[in-house]
Amino acid sequence: MSDRPAILFVCLGNICRSPLAEGAMRAAAEEAGVDVDIDSAGTGAWHVGNPPDERSIAVARANGVDISRQRARQVEPADFVRFTHIYALDADNLANLRRLAPPDTTARVALLMDVVAGSEGQAVADPYYGGAEGFSQTWADVNRAAQALVRQLLR
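Quick note on our numbering: the sequence shown kicks off at 159 and runs consecutively.
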């Protein structure tokens with residue numbers, strides 16, 4: 159593993175929340191000139207190979223970010239060594255990640271919103287069964303987290 163930070167965002171299916179987190183982080187890191195590897199994955203395999211949900215693509219696009227080329231994948235054991243940080247979007251996925259983590263894990267596994275002052279312990283709500291408003295809120299949450307992560311990386 160290199161000294162270069164590498165961040166993996168994880169939700170359930172890797173089609174709504176974690177693709178938005180990946181997109182927000184890529185945009186924030188690029189704007190700040192931060193060199194970091196960024197990816198996303200899901201704990202479940204239902205959507206492997208699929209693009210993000212159209213509503214995620216739309217809300218990202220509305221915020222100047224293109225996530226349409228991302229493809230869903232499932233977390234794999236190598237991720238726990240390849241990435242320096244793995245951020246779960248909610249407590250259930252955090253528990254699943256901790257259960258899946260192999261003994262040689264080197265990544266720091268944590269809840270994403272723990273990086274946002276005042277939002278510690280909070281989940282990024284899954285907008286899948288809701289409307290556009292839920293996706294906008296998800297974008298707002300992951301964008302705040304991305305900005306906080308960039309500030310941490312610049313220290």
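Glycine included, C-beta positions come from ideal geometry on N, C-alpha and C.
Computed from a predicted structure; not experimentally measured.
Helix, strand or coil at residue i [DSSP, three-state]
| i | result |
| --- | --- |
| G181 | helix |
| V223 | coil |
| S214 | helix |
| D272 | helix |
| R231 | coil |
| S277 | coil |
| A190 | helix |
| V267 | strand |
Contacting residues, own chain, Cβ-Cβ under 6 angstroms from residue i (five flanking each side not counted)
| i | result |
| --- | --- |
| A164 | D195, F241 and T242 |
| D211 | I173 and C174 |
| D272 | E278 |
| A275 | none |
| A122 | Not covered by the structure: residue 122. The range shown for the chain is 159 to 313. |
| V223 | G181 and A185 |
| P235 | P260 |
| A190 | V308 |
Element boundaries [alpha helix (DSSP H), containing residue i]
| i | result |
| --- | --- |
| Q292 | Correcting the residue identity first, residue 292 is Gly in this sequence and not Gln. It spans A290 to L312 - the alpha helix (DSSP H) in which G292 sits, taken as one unbroken run. |
| L166 | No alpha helix (DSSP H) contains L166, which is instead part of the beta strand (DSSP E) from A164 to C169. |
| R256 | A249 to L258 |
Chain-order list of residues whose beta-carbon lies under 7 angstroms from that of residue i (same chain, five-residue window excluded)
| i | result |
| --- | --- |
| Q280 | M271 |
| A306 | V273 and V274 |
| A199 | L166, V168, N172, S176, R231, Q232, V233 and D237 |
Min CB distance residue i to chain C below 9 angstroms
| i | result |
| --- | --- |
| P260 | This model lacks chain C altogether, as it is built from one protein chain only. |
Residue i to residue j span [Cα, whole Å]
| i | j | result |
| --- | --- | --- |
| V308 | N301 | 11 angstroms |
| T263 | Y286 | 30 angstroms |
| S176 | R256 | 17 angstroms |
| A253 | P261 | 15 angstroms |
| V192 | L312 | 7 angstroms |
Exposure of residue i, with buried meaning 16 or more beta-carbon neighbours within 10 Å
| i | result |
| --- | --- |
| A203 | exposed |
| D248 | buried |
| Q310 | exposed |
| A265 | buried |
Residue i, enclosing beta strand (DSSP E) - first and last residue
| i | result |
| --- | --- |
| D195 | D195 to G200 |
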